[in-house]
Every structure is written in structure tokens, then in C-alpha cells.
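Asker: My structure is below; once you've seen it, I'll send some questions.
There are 2 protein chains.
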Amino acid sequence: MSTKENILNVAQDLIQRRGVNGMSYQDLADAVGIRKASVHHHFASKSDMVAALLQRFNAQFDQAVAQIANGSASGRTRLKRYLDLFVNILEGSKLDKVCVCGVLMAEIASLDEQGIQHVRDFLHSNVQQVCKMIDAGIEDGSLAPNQTVAATADLVLATLEGGLLMARCDGGRKRMKTINDRLLGLLSSG
Amino acid sequence: MSTKENILNVAQDLIQRRGVNGMSYQDLADAVGIRKASVHHHFASKSDMVAALLQRFNAQFDQAVAQIANGSASGRTRLKRYLDLFVNILEGSKLDKVCVCGVLMAEIASLDEQGIQHVRDFLHSNVQQVCKMIDAGIEDGSLAPNQTVAATADLVLATLEGGLLMARCDGGRKRMKTINDRLLGLLSSG
DNA sequence: GTCTATATAGAGATAGAC
DNA sequence: GTCTATCTCTATATAGAC
Chain C
1 MSTKENILNV
11 AQDLIQRRGV
21 NGMSYQDLAD
31 AVGIRKASVH
41 HHFASKSDMV
51 AALLQRFNAQ
61 FDQAVAQIAN
71 GSASGRTRLK
81 RYLDLFVNIL
91 EGSKLDKVCV
101 CGVLMAEIAS
111 LDEQGIQHVR
121 DFLHSNVQQV
131 CKMIDAGIED
141 GSLAPNQTVA
151 ATADLVLATL
161 EGGLLMARCD
171 GGRKRMKTIN
181 DRLLGLLSSG
Chain Y
1001 MSTKENILNV
1011 AQDLIQRRGV
1021 NGMSYQDLAD
1031 AVGIRKASVH
1041 HHFASKSDMV
1051 AALLQRFNAQ
1061 FDQAVAQIAN
1071 GSASGRTRLK
1081 RYLDLFVNIL
1091 EGSKLDKVCV
1101 CGVLMAEIAS
1111 LDEQGIQHVR
1121 DFLHSNVQQV
1131 CKMIDAGIED
1141 GSLAPNQTVA
1151 ATADLVLATL
1161 EGGLLMARCD
1171 GGRKRMKTIN
1181 DRLLGLLSSG
């Protein structure tokens, strides 16, 4: 793995645990095993680094979500798998991880326009994909029909982002699963 | 208003907009119109200040919530009023505010044990009160019966905290209202 | 691509005068 | 209770040698 990728991996982990403002070039250098100046060689400024990280994260996450959204399972099953994506961000560690974009939404004032746009892209892309899953679920009868699919998708994403923060703070993976089960129950048919 | 209260007011505003790590004693001093050393006179350390702020915030919020939860309106109406409490955190300004505890959940790694406990207290207290509203709604028939009231209350809080972050990032108050309407619709009877 | 060294700025915090 | 002055540490960032 290249040093550049290595830096991004460490940066993502630290951001998910501590936030952008809680992570420094020194932290990155220490974790990767190089010097601060070497980190600057790969990413001239911190906002450059955050932008590169978000671009990569969005691409990776989009791919995982697309695989679920375009699957052949029922809409409900696809949605369940999507919810599990977020549960699996929590590893059960002491200072656990949450969604990258969840953290950055809370620190949005520290981002430049490019960073903010990446976070907005994450939201937009995810809402769109969740809409597709819900549409499929209504079509195949596994999810309850409703005239507000976009609002429902927004609700799903809000619950996931907020649920992760809550679960990390108190209750862990178990609490996150409980919230997701309840959400899926409310959206299911029958 | 005392200088101490003044500092807390400014601190709360800044934390809601920028986060704890995005706010400094210098920012507070500038906004209040005193010097950094004077801020330290009132709150020796930053974590002292955050603890005092959270204690005050929880007490104020608890009171507002209790007034709603103990009201005579239907459970559904009480829940609606509770959701509106969160909508009203957003003022429609450029860099808008979100829930204090929503921000701190994202920055939980920067808090000491006392601060973390205050955030947990916020969650616990709010979940409890939402449970009361849901119970009342089931009793009076305005909300749909379910065997998982605690999980539903968790879902409500997760949606509110995540919804605020999303709405501030993109869509504003309108988006927050849409999410809350959808949530209330899913929980309502009939 | 990595290093040492340094510049510059800001952070949280303290001492002591008024 | 507020001030000036200062301490110490850490932050982002750059210059230039290897």
C-alpha cells in the first residue's frame, strides 16, 4: 500500500473517532511512522487531505450501496442490508467509529466549500439510493406503500446518522441494531 | 445578566455552530467584550466551562420537555410539540445551530468523563420523556400501539439529532420539518 | 519521498497588578 | 472582576538538504 493511501486510512480512522478538529498532522505522522513534513508532501494542506479523503470515501461507499440497491433481493431486504452497513461502522471498540459524514456534518463550520460539497454529495447520493430501495420494496410488497418516498429516505438517513452518534455515546452496536430494527418495522408492510 | 451567564450564552451559541473544538477562549472573550484571562476567572478550564454549560442546558431543556410531556394534549400532539422544539433550534441563519448534545456526541472524544456523562444524561432523560409521550398516545389512541416503546423513543431521538445535522448541511428548516412530519406520520394511528 | 529545522500563529492556562 | 504580560504547548505550514 502506498504511503498516500496509508495516510488516508489513518486519517479516516481518526476522523471517525475524534473528528477533523481532533486530528493533527502529528497524529497522522505518528500513526504512519513518518514525519509531519512528509505528510505535507502528500497533502499540502489539511483541507486538501479532507477533500481527498471524502472523495475516496464517497466513491467507496457509493459502490457498496449501489451493490445493495441494485441487488435482486426484496426492497425490504435491500434496505435491511443498507442499515447493516451503518451498524458495521461500529466495531465495539472503546472510542468507537461513526460515519465520516456524520462527524463532518457536526464540524461543517471547519470545512471549506469543497469539503461541504462532498458532504452534501454523500447525503444526496445516499438519499437517492434509499429511494430506489423503498420504491422496489413498495413494488414487490415488502415495504408499506407511501406517497412520500423522498421524505422517508431522508428519515432513514437521519436515523442512521443520529443513531450512530447515540449508540457510540451510550449503548453501542446493540442500541444501533435496536433502532434499525424499529425503523425497518415501521417501514415494512403488514 | 451576569458576565458568567453571558459567557455561557456565547459559548452555547458557538458550540452549536462550530463545535467545542471550533471555539476558543479568545472567541468567547471577543464576543463578550472582555479578555481571555477574565474568562478563565469564571471558568478555570475549558472542560469546567463545558460541564457548566451542559448542566445548564440539560436543566433548561428538561424543563421545556417536561412542560410538553406533562401537558393535557393528546400523546400525538405532545410528540409533535417535542419535535418542534428541535426544528426551532434551526434559525435559518447561514451557519445554523444544531442541538448542543448532537454536536458533542460527534466530539465525544474531546470531552472528559464529566462531560460525557452530561451528554448521556441528556439522552437518557429525553428518551424517558419521549416514552411517556408515546405511552400517552397509545393510551388515548392518537399514536399506533407497539410493544417497543423504548426503541421507538430511541428512534425518535436519533432521527431528531441526525435530522438537524442533515438539515443544517443541506435543506434547512424545511427539510427538518419534512423529516419530522414523516416520522410523526409513521407513528400515528390510522 | 523523507528528513531536519524553522516560521508563524493560536491554543489553554497562570501570575500578579489594579 | 478585569486587566497586562507571559508561559508552554501544539497547530498548520514551508525551506531546503539528502
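Chains as they are written, first to last, in this note's numbering: chain C, 1 to 190; chain Y, 1001 to 1190. Built from N, CA and C at the ideal position, the CB exists for glycine as well.
1. Between the region 128-137 of chain C and the region 1123-1136 of chain Y, can you find at least three pairs of beta-carbon atoms closer than 8 Å?
2. Among N1021/Y, G1033/Y, T1077/Y, which residue has its Cα nearest to the Cα of S1047/Y?
3. State buried or exposed for S142/C, treating a residue as buried only when at least 16 other CB atoms are found within 10 Å of its CB.
4. Would you mind working out which of R173/C, V98/C, A73/C, T148/C sits nearest G1162/Y, comparing C-alpha positions?
5. Let's test the definition: count the other Cβ atoms within 10 Å of the Cβ of E1113/Y and tell me whether it reaches 16, buried, or not, exposed.
6. Return the CA-CA distance between R78/C and I68/C, expressed in angstroms with no decimal places.
7. Beta-carbon within less than 8 Å of I138/C's beta-carbon, same chain only, minus the 5 sequence neighbours each way: which residues are those?
8. Under a CB-based cut-off of 9 Å, is V98/C close to chain Y?
9. Just to confirm my understanding: we take A31/C, look at its own chain, exclude 5 residues before and 5 after, and list those with CB closer than 7 Å. What are they?
10. When burial is assigned at 16 or more other CB atoms within 10 Å of the CB, is H196/C buried or exposed?
11. By the criterion of Cβ-Cβ separation under 8 Å, what are the contact partners of V1103/Y in chain C?
12. With a threshold of 9 Å between beta carbons, is G957/Y in contact with chain C?
13. What distance in whole Å lies between the Cβ atoms of I1179/Y and A151/C, which are believed to be in contact at a cut-off of 8 Å?
14. Measuring alpha carbon to alpha carbon, tell me which residue in G1172/Y, R1120/Y, L1186/Y is nearest G171/C.
15. Closer than 7 Å by C-beta to A1153/Y: which residues in its own chain qualify, once you throw out the five before and the five after it? Chain order, please.
16. Report the residue from G1190/Y, M1049/Y, L1160/Y, A1051/Y whose alpha carbon sits nearest the alpha carbon of D1140/Y.
17. So V1100/Y and F1057/Y are supposed to be a Cβ contact under 8 Å. How far apart are they, rounded?
18. My output table needs one value for L1111/Y: the three-state DSSP class, helix, strand or coil.
19. Does the beta carbon of M49/C sit closer than 9 Å to a beta carbon anywhere in chain Y?
20. So which residues of chain Y does A11/C contact, with C-beta pairs closer than 7 Å?
21. Which residue spans inside the region 1037-1104 of chain Y form an unbroken alpha helix (DSSP H) run of at least 4?
22. Can you check whether the C-beta of G1075/Y is within less than 9 Å of a C-beta belonging to chain C?
23. Under 9 Å Cβ-Cβ, which residues of chain C neighbour G1022/Y?
Answerer: If we stick to the structure as given:
1. Verdict: no, contact absent.
2. In the second sequence, counting from the first residue as 1, residue 1047/Y sits at position 47. Nearest to S1047/Y by C-alpha distance, out of N1021/Y, G1033/Y, T1077/Y, is N1021/Y.
3. Here residue 142/C refers to the residue found at position 142 of the first sequence. By the neighbour-count rule (16 or more Cβ atoms within 10 Å), S142/C is buried.
4. Indexing the second sequence from 1 puts residue 1162/Y at position 162. Checked all of R173/C, V98/C, A73/C, T148/C; the closest Cα to G1162/Y is V98/C.
5. Taking the first residue of the second sequence as 1, we reach residue 1113/Y at position 113. Exposed, because fewer than 16 other Cβ atoms sit within 10 Å of the Cβ of E1113/Y.
6. Within the first sequence, residue 78/C is the residue found at index 78, counting from 1. Within the first sequence, residue 68/C is the residue found at index 68, counting from 1. Taking the Cα positions, R78/C is about 6 Å away from I68/C.
7. Translated into positions along the first sequence, residue 138/C becomes position 138. The residues are G75, A144, P145, N146, V149.
8. Numbered from 1 along the first sequence, position 98 holds the residue referred to as residue 98/C. The C-beta of V98/C comes closer than 9 Å to at least one C-beta of chain Y.
9. Reading the first sequence from its first residue, position 31 is the one you call residue 31/C. The residues are V10.
10. Nothing about residue 196/C can be reported from this structure: the residues present for chain C run from 1 to 190 only.
11. Numbered from its first residue, the second sequence carries residue 1103/Y at position 103. Under the 8 Å cutoff, chain C gives A106.
12. Here chain Y covers residues 1001 to 1190 and nothing more, so residue 957/Y does not appear.
13. The count along the first sequence starts at 1 and reaches residue 151/C at position 151. The count along the second sequence starts at 1 and reaches residue 1179/Y at position 179. Sure, about 7 Å apart at Cβ, within 8 Å.
14. As a working mapping, residue 171/C is identified with position 171 in the first sequence. That would be R1120/Y, whose Cα lies nearest to the Cα of G171/C.
15. Working through the second sequence from its first residue, we reach residue 1153/Y at position 153. Same-chain partners within the cutoff: V1127, V1130, C1131, I1134.
16. Here the question's residue 1140/Y lines up with position 140 in the second sequence. Among G1190/Y, M1049/Y, L1160/Y, A1051/Y, the Cα nearest to that of D1140/Y belongs to G1190/Y.
17. Looking up residue 1100/Y in the second sequence gives position 100. Looking up residue 1057/Y in the second sequence gives position 57. With 8 Å as the limit, V1100/Y and F1057/Y qualify as a contact, their Cβ atoms being about 5 Å apart.
18. Numbered from its first residue, the second sequence carries residue 1111/Y at position 111. In this structure, DSSP gives L1111/Y a state outside helix and strand, which the three-state scheme calls coil.
19. Translated into positions along the first sequence, residue 49/C becomes position 49. Answer no: the Cβ-Cβ gap between M49/C and chain Y never drops below 9 Å.
20. Taking the first sequence and counting its residues from 1, the one referred to as residue 11/C is at position 11. Neighbours of A11/C on chain Y: none; closest Cβ ~15 Å, over 7 Å.
21. Considered as a whole, the region 1037-1104 of chain Y harbours 1046-1069, 1075-1087 as its complete alpha helix (DSSP H) runs of no fewer than 4 residues, in chain order.
22. If you number the second sequence from 1, residue 1075/Y lands on position 75. The Cβ of G1075/Y sits no closer than 9 Å to any Cβ of chain C.
23. Indexing the second sequence from 1 puts residue 1022/Y at position 22. Within chain C, the residues near G1022/Y are N21, E107, A109, S110.
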